[in-house]
Amino acid sequence: MPVVQVSVWAGMSQESKRKIVEGITKVFEDIGIPKEAVEIIIYETPKANWATGGKLHSDSEKLAKTKVP
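Quick note: the sequence shown, position 24, residue 7 per this note's numbering, numbers continuous.
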């Protein structure tokens, strides 16, 4: 039984999560694994706890809000 772990930023809508789960499940169905055997765990992480390229995403969001258009 496959177990898929998905990490996303906190605050994702239930509809978006549903689409992710349905899409991942379909990939496994396409290779012959029954959908009942697919388990998916979604981990929500605040942007303050997620960084890329040495920068917290919460800082990037604050900078974007302070820039003059």
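All C-beta atoms, glycine included, are put in the ideal place defined by N, C-alpha and C.
Does DSSP classify residue i as helix, strand or coil?
{"i": "I16", "result": "coil"}
{"i": "V4", "result": "helix"}
{"i": "S(-1)", "result": "helix"}
Give me, in chain order, the residues of the same chain whose beta-carbon lies closer than 6 Å to that of residue i; leave out the 5 immediate sequence neighbours on both sides.
{"i": "H40", "result": "K30, W33"}
{"i": "M(-16)", "result": "A20"}
{"i": "K18", "result": "T8, E12"}
Name the one or two DSSP bridge partners that residue i has.
{"i": "N35", "result": "At residue 35 the sequence reads Thr, which differs from the Asn that was named. In DSSP, T35 forms a bridge with K38."}
{"i": "Q(-12)", "result": "I24"}
Considering only residues of the same chain and omitting the five flanking positions on each side of residue i, which have a CB-CB separation below 7 Å?
{"i": "V(-9)", "result": "I25, E27"}
List the whole-angstrom C-beta distance separating residue i from residue j, where the pair is believed to meet the contact cut-off of C-beta under 8 Å.
{"i": "I7", "j": "V(-13)", "result": "6 Å"}
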